[in-house]
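For the sequence shown, counting from 1, position 117 maps to 97 in this note's numbering; every step adds exactly one. Don't be surprised by glycine CBs; every beta carbon is placed ideally from N, CA and C. For reference, the structure is listed below as structure tokens.
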Amino acid sequence: MSNSALTQVSIPAHQGNYTRGRSEKITKITLHHVAGVVTAERLGKIFQSVGRNGSSHYGIGNDGKIAQFVDEANTAWADGNWDSNCRSVTIETSNSATGGDWKVSDAALRSLIKLCADIAKRNGLGKLVAGKNLTWHSMYAATACPGPYLKSKVDYIAAEANKINYPEKEEIKVEVNGFNITRLTDYLVIYCGGKSTGTNQWGVEVAFDANCVAISDPVCWVGNMNIPDGGFVLSGHDKAGNWIAENIKKGMKLDLSVTVK
């Protein structure tokens, strides 16, 4: 079990403030606030106190600095609920002001988002969903933690962390010059219905099945590729060939639409 590479300082909690090992698999992240304006180092010292009977895996200072207090392989005492402690990676976040909404600084919030994304990715939590695998202290104990401000940001934290782990792929649109025509300079041509493309070696070609899924990687400077039964070959010359080589990989699905002019 690994720990976050985002950690900037390690301040091990006193061994009497957490349980070594875990009895359950990590299934979620639990958010907390400190109820005070502190540095990551100051928070770490709190968990080093003998008899504190509390700890957290990570903490974030008001300036956004990330510290680790308990190894993820061990069980921190943070959630006020033993079953939740056994399944959680817990994060304490400093406030930027005391009282009121218990606001958190933008720097701390950015670090929290990055840390949540990292924990989720390494532990195979999948996409984060508020209230499911991204939880907060008051879900498990009678407490106001993590405060109105941070609690109002849980959906946002999940969404931003998911953007890090699951970035949207840029949609690239290209125009095909024609079907079963002679491949001229810079042409992108689809060949289908025959045995082979009949092209010369000055191009790049890739075969697709009937579901528009690439069944080969691009083949460069060979030509006359066999056309799969029920499928087709996308063939490009020069600039169009370079586009195929740079953008198409085996297993990729092509969104093909046909417009008759």
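Close Cβ partners of residue i (< 7 Å) along its chain, the five nearest in sequence each way excluded
i	result
Thr78	Gly16, Val17
Arg102	Ser(-18)
Lys131	Trp116
Leu89	Lys133
CB contact flag (residue i, residue j, <8 Å)
i	j	result
Tyr215	Thr177	It should be pointed out that residue 215 corresponds to Ser in this sequence rather than to Tyr. For Ser215 and Thr177, yes; Cβs fall inside 8 Å.
Val69	His117	no
Ala194	Gly210	no
Lys8	Leu114	yes
Lys233	Cys192	yes
Lys112	Tyr146	no
Ile99	Ser(-16)	yes
Own chain partners of residue i with C-beta closer than 6 Å, once the 5 adjacent residues on each side are dropped
i	result
Gly104	none
Asn206	Ser176
Val184	Pro198, Cys200, Gly216, Gly221, Ile224, Ala225
Arg32	Asn(-3)
Simplified DSSP assignment, three categories, for residue i
i	result
Lys175	coil
Trp201	coil
Phe49	coil
Tyr167	coil
Asn157	coil
Lys219	helix
Glu140	helix
Val134	helix
Ala110	strand
Nearest to residue i (by Cα), restricted to the options the options
i	options	result
Tyr171	Ser74, Ile6, Ala187, Thr165	Ala187
Asp235	Trp57, Val30, Val156, Asn222	Val156
Val84	Pro126, Phe49, Gly106	Pro126
Asn61	Gly34, Gly39, Glu52	Gly34
Thr165	Asn204, Lys219, Gln181, Tyr146	Lys219
Lys45	Gly174, Val(-11), Asn180, Tyr136	Val(-11)
Trp82	Cys96, Ala124, Asp43	Ala124
Val14	Leu108, Ser74, Leu(-14)	Ser74
Trp57	Leu95, Ala(-7), Asn160	Ala(-7)
Asn227	Thr19, Ser196, Asn204	Ser196
Gly1	Asn65, Ala138, Ser91, His12	Asn65
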